[in-house]
Ligand SMILES: [Fe+2]
Ligand SMILES: [Fe+2]
């Protein structure tokens, strides 16, 4: 696992803009908001996987691989809910997800089914990669040892998800095309990260 993780970590550092180190300190002060936001991120990950299965019933490998991810993401949602309850905190309202909305704007529209599929997979890969990077920051930078190990578990899972979406895209489409588009997505995401305010009350 260690070896796998360092490999993933290298890949994640392929993100073009590392998170500002001050983010951990901001997040530490607003843990209730971060946990609420995190809960909704996990929920959205589960529902997006369900919708990918619904849109692609002809892609057998995708259906087989994403079915257990739905369970895993829902399990993550429940873990975060349990953590909120333990702290006598409430699941707050879902906020507008500026980061994800900006990524959705970059998805190809009106093109081929393959192009749309590719962008859906790469959007998911990016959200997983960035979440993983943020969880890594929390797992290394929080003062509370319990919370550091709490986030480390999420970091490990999301690292696996990030690579799965890329692998699935490469299974169904030309690898070179996937790599080229992935590079465009990474450049775009850097711009998104630069354009949005650094806030400690959300995962991204
Ligand atoms: Fe998750
Ligand atoms: Fe995930």
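Numbering (our numbering), first residue to last: 7 to 210. From the three backbone atoms N, C-alpha and C, an ideal C-beta is built for every residue, glycine too. Values in this document were obtained by computation on a predicted structure and should not be read as measured data.
Given a length threshold of 4 residues, each whole run of the alpha helix (DSSP H) inside the stretch 17 to 101 is given here in chain order: 28 to 35, 37 to 61 and 66 to 92. Membership of residue 142 in the alpha helix (DSSP H) is indicated by the continuous run 119 to 147.
The three-state secondary structure of residue 209, taken from DSSP, is coil. When the beta-carbon positions are compared, residue 198 and residue 105 come within less than 9 Å of each other. Spatial neighbours of residue 134 in its own chain (CB-CB distance under 6 Å, excluding positions within 5 residues in sequence) are listed in chain order as 164, 167 and 168. The Cβ atoms of residue 114 and residue 82 lie no closer than 9 Å to each other. Rounded to the nearest whole angstrom, the CA to CA distance from residue 76 to residue 96 is 24 Å. Residue range 181 to 201 is occupied by the alpha helix (DSSP H) that includes residue 193.
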